Every structure is written in C-alpha cells, then in structure tokens.
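Trainee: My numbering numbers the first residue of the sequence shown as 2 and each following residue consecutively. Backbone N, C-alpha and C fix where the C-beta goes; we use that ideal spot for every residue, glycine too. Quick caveat, the model's predicted, so the values are computed rather than measured.
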Amino acid sequence: MGADVHNCRGLNTPLHEACKKDKVKCAELLLKYGANINARNSVEETPLYETCREGSFKCTELLLKMGADVPNRRGLNTSFHEACKQNNVKCAELLLKYGANINCVDSGDRTPLQNACRDENITCINFLLKMGADVNTPESLTTPLYEVCQRQKLELAEILIKHGANVNGVNCNGETPLYASCIQGSIPCVKFLLEKGADVNFLSAGETALHGSCVRGDPECVSLLIEAGADINARSRPYDDTDMCRGTPLHVASFLNHLLCVRLLLQAVALVDATTEEHETALHIAAKQNHFEVARVLIEFGANVRARNNQNKLPIDLLPQQKGELFDLLVQPADEPPLLINLCRQKIRASLCCPRIKTLHNLNIPRRILKYLLYSE
Numbered sequence: 002m003g004a005d006v007h008n009c010r011g012l013n014t015p016l017h018e019a020c021k022k023d024k025v026k027c028a029e030l031l032l033k034y035g036a037n038i039n040a041r042n043s044v045e046e047t048p049l050y051e052t053c054r055e056g057s058f059k060c061t062e063l064l065l066k067m068g069a070d071v072p073n074r075r076g077l078n079t080s081f082h083e084a085c086k087q088n089n090v091k092c093a094e095l096l097l098k099y100g101a102n103i104n105c106v107d108s109g110d111r112t113p114l115q116n117a118c119r120d121e122n123i124t125c126i127n128f129l130l131k132m133g134a135d136v137n138t139p140e141s142l143t144t145p146l147y148e149v150c151q152r153q154k155l156e157l158a159e160i161l162i163k164h165g166a167n168v169n170g171v172n173c174n175g176e177t178p179l180y181a182s183c184i185q186g187s188i189p190c191v192k193f194l195l196e197k198g199a200d201v202n203f204l205s206a207g208e209t210a211l212h213g214s215c216v217r218g219d220p221e222c223v224s225l226l227i228e229a230g231a232d233i234n235a236r237s238r239p240y241d242d243t244d245m246c247r248g249t250p251l252h253v254a255s256f257l258n259h260l261l262c263v264r265l266l267l268q269a270v271a272l273v274d275a276t277t278e279e280h281e282t283a284l285h286i287a288a289k290q291n292h293f294e295v296a297r298v299l300i301e302f303g304a305n306v307r308a309r310n311n312q313n314k315l316p317i318d319l320l321p322q323q324k325g326e327l328f329d330l331l332v333q334p335a336d337e338p339p340l341l342i343n344l345c346r347q348k349i350r351a352s353l354c355c356p357r358i359k360t361l362h363n364l365n366i367p368r369r370i371l372k373y374l375l376y377s378e
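#1: Start and end of the alpha helix (DSSP H) containing residue 121?
#2: Measuring only the C-alpha atoms, how far is residue 136 from residue 288?
#3: Under 8 Å by Cβ, that's how I've got residue 221 and residue 193 pegged, so tell me the actual separation to the nearest angstrom.
#4: Grab me the residues of residue 16's own chain with a C-beta within less than 8 Å of its C-beta, minus the 5 sequence neighbours each way, in chain order.
#5: Nearest-angstrom Cα distance between residue 322 and residue 264?
#6: So the candidates are 185, 271, 303 and 216; which of them puts its Cα closest to the Cα of residue 258?
#7: For residue 4, which three-state DSSP category applies?
#8: Let me confirm a value: residue 86 is counted as buried when at least 16 other C-beta atoms fall within 10 Å, else exposed. Which label applies?
#9: Over what stretch of residues does the alpha helix (DSSP H) that includes residue 12 continue unbroken?
#10: Scan the segment 195-272 and note each continuous alpha helix (DSSP H) run of 4 residues or more that stays entirely inside, going in chain order.
#11: How about the segment 202-218 and the segment 143-155: do they share at least three Cβ pairs that are nearer than 8 Å?
#12: Alpha helix (DSSP H) containing residue 98: first to last residue?
#13: I need the DSSP call for residue 290, collapsed to helix, strand or coil.
#14: Might you give, ordered along the chain, the residues of its own chain that have their beta carbon closer than 6 Å to the beta carbon of residue 248, omitting 5 neighbours on each side?
#15: Using alpha carbons as the reference points, say which of 111, 282, 312 and 146 lies closest to residue 180.
#16: Whose CA, out of 129, 130 and 117, lies closest to the CA of residue 148?
#17: For residue 389 and residue 296, which I take to be in contact (beta-carbon distance under 8 Å), what is that distance rounded to the nearest angstrom?
#18: Could you pull out every residue in the same chain whose Cβ sits closer than 6 Å to the Cβ of residue 240, ignoring the five residues on either side in sequence?
#19: By how many angstroms is the C-alpha of residue 261 removed from the C-alpha of residue 214?
#20: Using the Cβ count rule (16 or more neighbours within 10 Å means buried), how would you classify residue 143?
#21: Can you tell me which of 164, 21 and 310 puts its alpha carbon nearest to the alpha carbon of residue 54?
#22: Terminal residues of the continuous alpha helix (DSSP H) containing residue 182?
#23: Hey, quick one: how far does the alpha helix (DSSP H) through residue 82 stretch, first residue to last?
#24: Buried or exposed: where does residue 34 fall if 16 or more other Cβ atoms within 10 Å of its Cβ makes it buried?
#25: Whole angstroms are fine: how far does the CA of residue 151 sit from the CA of residue 316?
#26: Using the Cα positions of residue 196 and residue 341, report the straight-line distance between them to the nearest angstrom.
#27: For residue 298, count the other beta carbons within 10 Å of its own beta carbon; 16 or more makes it buried, fewer makes it exposed. Which is it?
#28: Helix, strand or coil for residue 50, going by three-state DSSP, please let me know.
#29: DSSP on residue 316, reduced to helix/strand/coil?
#30: Please report how far the alpha carbon of residue 272 lies from the alpha carbon of residue 172, in whole angstroms.
#31: Alpha carbon to alpha carbon, how far is residue 90 from residue 132? Give it in angstroms, no decimals.
#32: Apart from the five residues just before and just after residue 96, which ones in its own chain have a Cβ nearer than 8 Å to its Cβ?
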C-alpha cells in the first residue's frame, strides 16, 4: 500500500511511537521496511532516547542490537542520561554494555551522577557508583558531593564519601562541600564533613567556612567550626556588595547584625580591632549599619572607639545620624582615655590568639582570670 515509515508530521515517527510503548514486533516490522533507527522527531529525540525515557526495555534491547547510535558526545542530552534520570536501571545497564560513557556530560555540562545527586535519586546514585562512575568530576561545574551537601542530604554525602569523593573538592566557583553546608546551615553535614577531614580553613570563593556561617548567622555552626580549629581572624577576599575587603568573620557578623555570632567570636579571642583594607574595624562596620547591640558588645569586649579608617573617620563619624542611642554609646568613651585594666585585657587576649587556642574556656587558668578575659568582671 506504500505507507511512509518515515512519516513525522506529528511529534514522532511510527518507530518512535512503537518504541515508546515497547511494541517490539511493531518496531521490528518498521525496521524491516526501512525505518531510520536513528531518526529524530520534532524535538530532536531518537527512538532510543524515547525507550530510555519510558523504560521500554525490550525495544531498547532491540534498537541496540540493530545498531542504534549510542551518543557520547559532549553537549548532548544522551539516552544514558535519560535512562538514569527516569531511574530505568535495566535500560542504563544495556546502554553501558553497548558502549555508553558513564561519565559523559549533557548540554548542561553535567554527568549522570551529578544529575542523580541533584535529583536525590539514591537508587540511581548507587547504580552509577557500582558501575564505576567518577565520583569527583574535577573538570565539571560542580561535584556530586557538593550537590548533596548543598541540599543537606547527609545520607547521600555518606555514600559518596564511602566511594572516594574528595571531601575538599570544589565547584566551578571554588566552593567546598563544607562551605555549602555552612551556607545552608546543615549541622549534620558540617559535623560529618569535619569528621571526614574537611579543611576548615579552605578559602572558598574568597571566604572560609566560618565566614559563610557568619553570613548565615548560625551560632551552632560557628561554634562547631571554632571547635574544629577554624581561624577566627581569617581574611576574606574582596566582597562584591560590601566594602569589607579582606574582612574577618567578625566584620561579616557585625555587618549583618548577627549578635550571637559576634559574641561567640569575641569569646573565642577574635581580634576585636582587626581592620579591613579600608582600615575599618568591626565597630566601624556596626556604626555604619546602625547596629546598636553589636556595637555595645564590641565595646564591651574592648573595641577601640578612637580607631580611624583610611579616611580618618572614627566609628561615630560613620553613623547614619549624629544622634540616638548608638551615638550616645560612642560619644561618651570617645572623650575618655582607655582604662589600664581594659588595655591589659586586650593585650592578653591578642597574645592568646593563635590557631591552637579555640576558646578561652580551653585554657588552664584560674576561673577569676578567665572571667576577666571574658569581660565577665
């Protein structure tokens, strides 16, 4: 009768339709009469891609036996990607048998394992790892471990680490899984990564994990990082949206008004008068943002109200208005000389500030001296 086996006036060719519904006999007949096994439908999908999406195992097997192209080229959404995405493990196994590249990247520059981690598809993750997928993908936009930590999925992080994931592997922005966990406030993931040897002072996109925790304002995460040996006076690279160039975590917490984080950092012997490239202290930052409680705590811990920035400005000069409770807080001590007792305290605290000392509470010193150093008396 002369029916056209290549007809694609609709979305699919007849072969696409037969494969989509796993109609093997029909597909065999179409191929016998010349149907193009690699024909593309109106959205550039092949019959093999269709079978992998639908989980049509019998037709997948038929197409592969008959020589269907198994694309592995960069930039394509491959049949293997689609089989993994749809959790069609049997189809994926067949594709690997016929030469599919388990680490091939799609049009988004992502491997099947990365997509499975993004989709939190544990069945597919286990399958891909079992079949030898690269758990680190160093040349890609991100790593599988970063993906699951960003999504706060501890169980998946444990699986990836067990299979050799680099705990300090970075994404395209230079961010580690630990940094992602801190930004998301995922305490379980933070604890796990630290236990597995994550570098607590790695500079991720210009910031340490402690900077990230202070951005979020998570006191528990800040405490965990300090206990793990985080450098409380680590300098960041320039910010895009602030003038805290090379600021410390204390600058970040003060800028964002995270009072509990400010206090934790100060109790852990953070340098209260550390300066940015603009020579601004945390008190300058707090004054500029009109954060009264933060400024009060900074002064309580010995912040120098007479410190001047690169423009010769005192913290009081940076207030949005030269009046109010913060103005009153800053103007009084500005006219008084510093007390000797506070100068001694600041010198002692500064001398104790080294990576080996996590908090003042770890020191073997008389309780009264400890209280003195903590500004408790």
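Mentor: On the basis of the data shown:
#1: Unbroken run through residue 121: none, as it is neither H nor E.
#2: 47 Å
#3: At roughly 15 Å, the Cβ-Cβ gap does not stay under 8 Å, so residue 221 and residue 193 are not in contact.
#4: 6, 28, 31, 32, 36, 37, 38, 40 and 48
#5: 26 Å
#6: 216
#7: The pLDDT assigned to residue 4 is 49, lower than 50, so where the model puts this residue is not dependable; a value taken from the coordinates is nonetheless given after this. DSSP places residue 4 in coil when its eight states are reduced to three.
#8: buried
#9: Segment: none, residue 12 is in no alpha helix (DSSP H) and carries neither H nor E.
#10: 210-217, 220-228, 250-256 and 260-268
#11: No: fewer than three Cβ pairs fall under 8 Å.
#12: Here the alpha helix (DSSP H) through residue 98 covers 90-98.
#13: coil
#14: In the same chain as residue 248, and ignoring 5 residues on each side of it, the C-beta atoms closer than 6 Å to its own belong to 237 and 277, in chain order.
#15: 146
#16: 117
#17: The displayed coordinates of the chain run from 2 to 378. Any statement about residue 389 would go beyond what the structure contains.
#18: In this prediction, residue 240 scores a pLDDT of 46, lower than 50, which makes its location untrustworthy; the coordinate-derived value is nonetheless stated afterwards. Answer for residue 240: no residue qualifies.
#19: Between residue 214 and residue 261, the C-alpha separation is close to 12 Å.
#20: buried
#21: Considering only alpha carbons, the answer is 21.
#22: 178-185
#23: 80-86
#24: exposed
#25: 37 Å
#26: 43 Å
#27: buried
#28: Helix at residue 50.
#29: helix
#30: 31 Å
#31: Computed Cα separation, rounded: 11 Å.
#32: The residues 53, 61, 65, 71, 80, 81 and 84, in chain order, have a CB closer than 8 Å to that of residue 96 in the same chain once the five nearest residues on each side in sequence are set aside.
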